[in-house]
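The structure under discussion appears below in the form of structure tokens.
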Amino acid sequence: MKRKAIGLLIFFFILFLPSFIWAGNEETIIILVDELSFDIIEDLSLEKYSIGLVNYKTRPPYNKENLLLSINTGRKLSLRDFKNKSAKIEYLGDVLEDEKVSYIGGETEKLLIANSEGQVDYEAGETKYDFNWLLDNTQDLLQHSNILLISYDINGHDERIDILKKYLSYFGDRNIIILPEKVADEKGSLLNRFIVPIVYINGTDSGILTSQSTKRDGFIALEDISVQIKNIYGIDYKKDVGKPIEIVRVDSPLEIIKGIYTTSINLLVITTIFHGLIYSIQVFVGIGLLKYKEIHNWAYGLYCTLIGSIPISIILGLFNLHKNIPLYIVTCIFLSYGMIKAINKGKLNLVKTLSLLTYALIVLGTLFYPKTIYNSYIGFNNLFYGARYYGLNNGIMGVLLISSILSYFSSIKGIKKEGLKKVLGLFIFSLNILVLSARFGVNTGGFITSVVLFGLILFQIFSLNKNSIFKSLIFLLLGAGIFAINMLLDYNSISKSHAIEFLYRIKNNGLWEFMTIASFKAKELLKLTIIPPFSIVIVFQILILRKMRGLIRDKIHLRNKDIIVLITAIVGFLLNDTGSITFIYMIFFYILDLIYETNTDIKGINFK
């Protein structure tokens, strides 16, 4: 009886034994190669493997040491931060002290798995490109440690690829991560400064990589690599920036990743072209106003067509036209021009129609089918720059807010019942908050801006003033409550936004963490404001608004709207590192509204 009880006890102990205890026996080999092209991956002839794309952008300056430290710690880090011992930063060598880490290679590369002192537990010196040497040293180091890093320079030598191929075949039942040091020379690499492929082998799965950090099939974040290594050994990662790697099982993963890479490059080209056209037409309109004091019909037509291309591009996101760049551009412009002609021919209010259509498509796409947003040039998240992977970028966030403002003000003109106007205002501007929240659009700066806009509209529709202090206080508390609820939902979600993770890090590192991120964001905002083409467009937009200021002053319904637009645009500008793009797109739409209010039958507007 005792034997049965003991046996049953042992059975349940084994059954419910925490997974991290078993994970301690896992062996992980990290291979850091000089570069990893798709051709090299194909030459390795791997059987069971997964592949993904990762953005290698770190804190400037962009060098090897910063990259290695960022992979190590799972956060964007520089060599200067590494030397700051007051910062509470977790290094793999310290976190994995029970597992032990070892290294084969030169002096610098071991920073990828080193501890806070830049050291590893065991190492075997410089890499020798001989299979038997690699085999013997690997087996020896794995007897003393569970994690091994190998620095392996292919350097264009076919024999080194063959050695690596044989090595991977021999150790294919281990966890193996193959990382490059830099971007390889691939098709479209002239546009690619940061995106690289990585290979993950666990002996069983084949597929493409993803994670909760990116929520995009085929992409993981730089910070995910460190978390995945910790996850293998059951180490808590909840406070880390990154998330564990997930595998989407597919056949021919390399071919699928090639397709994702190519279509992403195509969307980058398309986005660059359309943004360039939109920036250029505002400069042309500004020159026409300043020099000739008129807007020519061709400039006005092109201006309207380019605004019309924004909702059209979202519709095209349902299809895969971006696989062919010329076809996409021609189709988008042709359909946009045809839509503008149809609106004018039908004698519809152009600004109202475009604003409502744009707003409806962004809301529906964000809430129900984000792929349409990501596959449009206005909603494309610049994966090659590393700004964000999912959610609304700051350009489309600005379009969402300005189209909601113009939709509201153009719609209430035909409404006589004040109660209905208030209901419409509350609905539209509450919807903005939902769309930009952590649940959908995941744009913290945009969310705060939408809360500010909501407050401005409340003051507008409820006619609040200095005599309504109590009501004003109630609405301020309401705004704070909305923000708090969003952060609470974010905190309890599986995939937390960078805002919550930033608060975690402030709690651990205090003022140093806040100043580091604030300084970086401020520098990015300043850079994207003062460099062309952004600075040029913003200057011309301000000049156009100054030229039309008499129109704004003379019409009371424009003056109220103008205050709301400008405050919202400025708040959106200040709260985001790419806030200049938010500002440009909001003013882009608003200038059309001012032009349209001046003369709905334009054949060269004269402002003399």
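Residue numbers for the sequence shown follow the numbering used here, so the first one is 4 and each next one is one higher.
For each residue, glycine too, the CB sits at the ideal point set by N, CA and C.
| message | According to DSSP, simplified to helix, strand and coil, what is P329? | response | Taking the first residue of the sequence shown as 1, we reach residue 329 at position 326. Three-state DSSP puts P329 in a helix.
| By Cβ distance below 8 angstroms, which residues in the same chain neighbour L257 in space, the five residues on each side in sequence not counted? | Position 254 of the sequence shown holds residue 257. The residues are F41, I44, E45 and I54.
| task | Look at the alpha carbon of I310 and the alpha carbon of K550, and state the distance between them as a whole number of angstroms. | result | As a working note, residue 310 is residue 307 in the sequence shown. As a working note, residue 550 is residue 547 in the sequence shown. Inter-residue distance for I310 and K550 is about 21 angstroms (C-alpha atoms, whole angstroms).
| task | State buried or exposed for T207, treating a residue as buried only when at least 16 other CB atoms are found within 10 Å of its CB. | result | Here residue 207 is taken as the residue at index 204 of the sequence shown, counted from 1. Burial call: exposed.
| request: Look at T452 and V542 and say whether their C-beta atoms are less than 7 angstroms apart. | output: The residue given as residue 452 occupies position 449 in the sequence shown. The residue given as residue 542 occupies position 539 in the sequence shown. Not in contact: T452 and V542 (Cβ atoms no closer than 7 angstroms).
| message | Classify H278: buried if its beta carbon has 16 or more other beta carbons within 10 angstroms, exposed otherwise. | response | Within the sequence shown, residue 278 is the residue found at index 275, counting from 1. Buried, because 16 or more other Cβ atoms sit within 10 Å of the Cβ of H278.
| message | Quick check on the DSSP output: what are the complete alpha helix (DSSP H) runs of length 4 or more inside the segment 288-344, in order along the chain? | response | Note on the segment 288-344: whole alpha helix (DSSP H) runs with a minimum of 4 residues are 300-319, in chain order.
| task | Give the range of the alpha helix (DSSP H) segment to which G582 is assigned. | result | Counting from 1 along the sequence shown, the entry for residue 582 is found at position 579. It spans G582 to T601 - the alpha helix (DSSP H) in which G582 sits, taken as one unbroken run.
| When the Cα atoms are used, what is the spatial distance from F387 to I418? | Taking the sequence shown and counting its residues from 1, one reaches residue 387 at position 384. Taking the sequence shown and counting its residues from 1, one reaches residue 418 at position 415. Straight-line Cα distance between these residues: approximately 46 angstroms.
| message | Please classify S440 as buried or exposed, where buried requires at least 16 other C-beta atoms within 10 Å of its C-beta. | response | For the purposes of this step, residue 440 is taken as residue 437 along the sequence shown, with counting starting at 1. Under this definition S440 is a buried residue.
| query | At which residues does the beta strand (DSSP E) containing P373 begin and terminate? | reply | Reading the sequence shown from its first residue, position 370 is the one you call residue 373. For P373, no beta strand (DSSP E) encloses it; the enclosing alpha helix (DSSP H) starts and ends at P373 to Y377.
| message | With the cut-off set at 7 angstroms, would you say F222 and Y59 are in Cβ contact? | response | Locating residue 222 in the sequence shown gives position 219, counting from the first residue. Locating residue 59 in the sequence shown gives position 56, counting from the first residue. When the beta-carbon positions are compared, F222 and Y59 stay at least 7 angstroms from each other.
| field | Three-state class that DSSP yields for F222 in the structure shown | value | Position 219 of the sequence shown holds residue 222. Under the three-state reduction of DSSP, F222 is assigned to strand.
| For V286 and L324, the rounded distance between their alpha carbons | Translated into the one-based positions of the sequence shown, residue 324 becomes position 321. Translated into the one-based positions of the sequence shown, residue 286 becomes position 283. C-alpha separation (whole angstroms): 29 angstroms.
| task | Just mark D596 as buried or exposed, buried being the case when its beta carbon has 16 or more other beta carbons within 10 Å. | result | Locating residue 596 in the sequence shown gives position 593, counting from the first residue. Buried.
| Is it buried or exposed for G109, if we count other Cβ within 10 angstroms and need 16 for buried? | Counted from its first residue, the sequence shown places residue 109 at position 106. Label assigned to G109: exposed.
| task | Pick helix, strand or coil for V574, following the three-state DSSP scheme. | result | Locating residue 574 in the sequence shown gives position 571, counting from the first residue. DSSP places V574 in helix when its eight states are reduced to three.
| query | Nearest to G394 by alpha carbon, out of I408, R562, I259 and Y377? | reply | Position 391 of the sequence shown, counting from 1, holds the residue named residue 394. For the residues I408, R562, I259 and Y377, the minimum Cα distance to G394 belongs to Y377.
| task | Flag this pair as touching only if the segment 293-304 and the segment 351-359 have three or more C-beta atom pairs under 8 angstroms; answer yes or no. | result | Under the Cβ criterion (8 angstroms, minimum of three pairs), the segment 293-304 does not count as touching the segment 351-359.
| task | Give the single residue among I545, I228 and D220 whose Cα lies nearest to the Cα of V251. | result | As a position in the sequence shown, residue 251 is number 248, starting the count at 1. Answer by Cα proximity: D220.
| When E29, Y588 and R177 are compared against S406, the one with the closest alpha-carbon | Taking the first residue of the sequence shown as 1, we reach residue 406 at position 403. In terms of Cα proximity to S406, the closest of E29, Y588 and R177 is Y588.
| Mapping DSSP to helix, strand and coil, what is R83? | Here the question's residue 83 lines up with position 80 in the sequence shown. Note: R83 maps to helix in three-state DSSP.
| query | Looking only at DSSP bridge pairs, what is K185 linked to? | reply | Residue mapping note: residue 185 aligns to position 182 of the sequence shown, counting from 1. Looking at the DSSP assignment, K185 forms a beta bridge with E38.
| task | Keeping to the same chain, check which residues put their C-beta closer than 7 angstroms to that of S379; ignore five residues upstream and five downstream. | result | Start at 1 with the first residue of the sequence shown, and residue 379 comes out as number 376. Within the same chain, S379 has close Cβ partners S316, I317, L319 and G320.
| said: Which residue marks the beginning of the alpha helix (DSSP H) containing L409, and which one marks its end? | reply: Your numbering for residue 409 matches position 406 in the sequence shown. In this chain, the alpha helix (DSSP H) harbouring L409 covers N397 to S414.
| field | CA-to-CA distance, L569 to I399, given in whole angstroms | value | Along the sequence shown, one-based indexing puts residue 399 at 396. Along the sequence shown, one-based indexing puts residue 569 at 566. So the alpha carbons of these two residues sit roughly 17 angstroms apart.
| field | Own chain residues within Cβ distance below 7 angstroms of I276, not counting five before or after | value | Stepping through the sequence shown from its first residue, residue 276 is reached at position 273. Excluding sequence neighbours, I276 sits near I332.
| query | Quick check: the segment 61-75 against the segment 204-218, are there 3 or more CB pairs under 8 angstroms? | reply | With the cut-off at 8 angstroms, the segment 61-75 and the segment 204-218 do not touch.
| Apart from the five residues just before and just after N118, which ones in its own chain have a Cβ nearer than 7 angstroms to its Cβ? | Looking up residue 118 in the sequence shown gives position 115. Sequence-distant partners of N118 (beyond 5 residues in either direction) whose C-beta falls short of 7 angstroms from its own C-beta, in its chain, are Y94, G96 and D97.
| How close, in whole Å, do the beta carbons of L99 and I33 come, if the pair is a contact with beta carbons under 8 angstroms? | Here residue 99 refers to the residue found at position 96 of the sequence shown. Here residue 33 refers to the residue found at position 30 of the sequence shown. Not confirmed; about 12 angstroms, so no contact.
| message | Assuming I74 is part of the alpha helix (DSSP H), what are its boundary residues? | response | Position 71 of the sequence shown, counting from 1, holds the residue named residue 74. In the DSSP assignment, I74 falls within the unbroken alpha helix (DSSP H) covering K67 to T76.
| query | Going straight from the alpha carbon of S216 to that of A224, what length do you get? | reply | In the sequence shown, residue 216 corresponds to position 213, counting from 1. In the sequence shown, residue 224 corresponds to position 221, counting from 1. Distance between the alpha carbons of S216 and A224: 6 angstroms.
| message | Looking at the strands, I want to know which residues DSSP matches up with N58. | response | Here residue 58 corresponds to residue number 55 of the sequence shown, with the count starting at 1. DSSP lists I198 as partners of N58.
| request: Taking K424 as the reference, give the member of N435, S433, L434 and F412 with the closest Cα. | output: On the sequence shown, residue 424 is found 421 positions in, with the first residue counted as 1. Ranking the options by Cα distance to K424, first place goes to F412.
| request: Decide if I598 is buried, meaning its Cβ has at least 16 other Cβ atoms within 10 Å, or exposed. | output: As a working note, residue 598 is residue 595 in the sequence shown. Looking at its Cβ environment, which holds 16 or more other Cβ atoms inside 10 Å, I598 is buried.
| request: Give the single residue among I547, L193, K168 and I228 whose Cα lies nearest to the Cα of L271. | output: In the sequence shown, counting from the first residue as 1, residue 271 sits at position 268. Nearest C-alpha to L271: L193.
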